[in-house]
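My numbering runs 466 ahead of the 1-based position in the sequence shown.
Every residue gets a Cβ at the ideal spot worked out from N, C-alpha and C, and that includes glycine.
See below for the structure under consideration.
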Amino acid sequence: MGEEGEGVIILSKHIIRPSHRANQGGGGAKNGRTIHLNAFDLTMICLSYIQKGILFQNPTAQPMQVIISSLLSSFTAAIDHFFPLAGRLRATAAHDDDNTSSSLSISLECNNQGAEFVHAAALSVTVSDLLAPYLIPTIVHSFFPLNGLLNHEGLDKPLLAAQVTELADGLFVAISLNHVVADGTTFWHFFNTWSEICRSGTNNSCPPPYRLPFRQVQDLVRPVQLPSVQECFLHFSAESVAKLKSRANTEMGTNRISSLQSLLAHVWRSVTRARGLRPEQETT
467 MGEEGEGVII LSKHIIRPSH RANQGGGGAK NGRTIHLNAF DLTMICLSYI QKGILFQNPT
527 AQPMQVIISS LLSSFTAAID HFFPLAGRLR ATAAHDDDNT SSSLSISLEC NNQGAEFVHA
587 AALSVTVSDL LAPYLIPTIV HSFFPLNGLL NHEGLDKPLL AAQVTELADG LFVAISLNHV
647 VADGTTFWHF FNTWSEICRS GTNNSCPPPY RLPFRQVQDL VRPVQLPSVQ ECFLHFSAES
707 VAKLKSRANT EMGTNRISSL QSLLAHVWRS VTRARGLRPE QETT
């Protein structure tokens with residue numbers, strides 16, 4: 467392909483779509499499943515994609531082409547487990563019957579349009595070139611796919627992309643992920659899943675089921691006699707809560723303790739006192 471920018475040459479690009487198997491059942495991408503976004507998701511609409519990368523120095527003795535091929539095939543397999551990330555955002559306008567007002571909703575469409583995998587090279591750049599400076603070299607920005615995109619551009623751009631950039635003596639693996647459809651936890655979940663599949667060929671991070679030393683459920687079940695208790699409602703007036711909040715902030719020399727925190731602390735202290743615990747006894 468030979469695209470070039472700031473010393474980085476794009477060697478190839480692939481659009482990766484979930485397999486036919488990943489699309490089966492549960493209204494998968496094949497069935498055009500729509501995932502509606504919530505208000506918190508939509509606060510990210512004007513922000514940038516999540517972008518993180520990992521730098522490796524001379525990863526293995528294997529030929530680089532073998533490494534790239536392994537990363538591509540494992541990325542493809544990982545997409546099967548995260549098939550919504552191969553979709554696109556969709557904006558839907560709605561109008562009142564009298565056309566006096568209108569609204570807009572944005573959803574995630576599992577339409578199988580694909581994630582992107584980019585193979586690039588910056589063979590004049592060494593690992594030390596990246597690590598030695600105090601400030602991150604500007605060329606690093608070119609190691610990321612979909613660079614500069616805002617989340618709303620996921621309407622017609624990939625929501626997920628990976629770029630593997632060959633260096634003179636290393637490898638830089640980067641991911642860009644639309645922040646509207648995923649948070650940091652999901653980002654690293656995908657990255658770790660991809661890594662595990664690349665290393666082992668499978669995604670077996672789920673531990674085996676715990677095996678209980680019983681033949682049947684009836685052997686496990688034991689009658690539990692709980693003491694009889696009475697339940698009640700506790701009501702705290704606004705004035706009482708305000709006093710608790712004021713007292714808590716005064717005692718701690720701050721103004722950041724909320725009404726809820728003050729009330730919960732008061733309830734916890736009262737419960738602990740009623741339990742008659744020894745002063746040195748720890749409790750949770």
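For the pair S568 and A560, the CB atoms are nearer than the 8 Å cut-off.
W654 has its alpha-carbon roughly 13 Å from the corresponding atom of N644. Exclusion of the five residues before and after V591 leaves G473, I605, L633 and A634 as the residues of its chain whose Cβ lies within less than 7 Å of its Cβ. Counting along the chain, the unbroken beta strand (DSSP E) around E632 starts and ends at L626 to L633.
In the DSSP assignment, T500 forms a beta bridge with E575. For the set I545, H585, P484 and S728, the Cα lying nearest the Cα of F702 is the one of S728. When the beta-carbon positions are compared, T631 and A598 stay at least 8 Å from each other.
Here the alpha carbon of I545 sits roughly 33 Å from the alpha carbon of S594. The C-beta distance from L513 to F638 rounds to 23 Å, too long to meet the 8 Å contact threshold. Around the CB of H502, fewer than 16 other CB atoms lie within 10 Å, so the residue is classed as exposed. Per DSSP, H701 lies in no beta strand (DSSP E) and is assigned neither H nor E. When Cβ pairs closer than 8 Å are counted between the two stretches, the segment 675-686 is seen not to touch the segment 659-667, the count staying below three.
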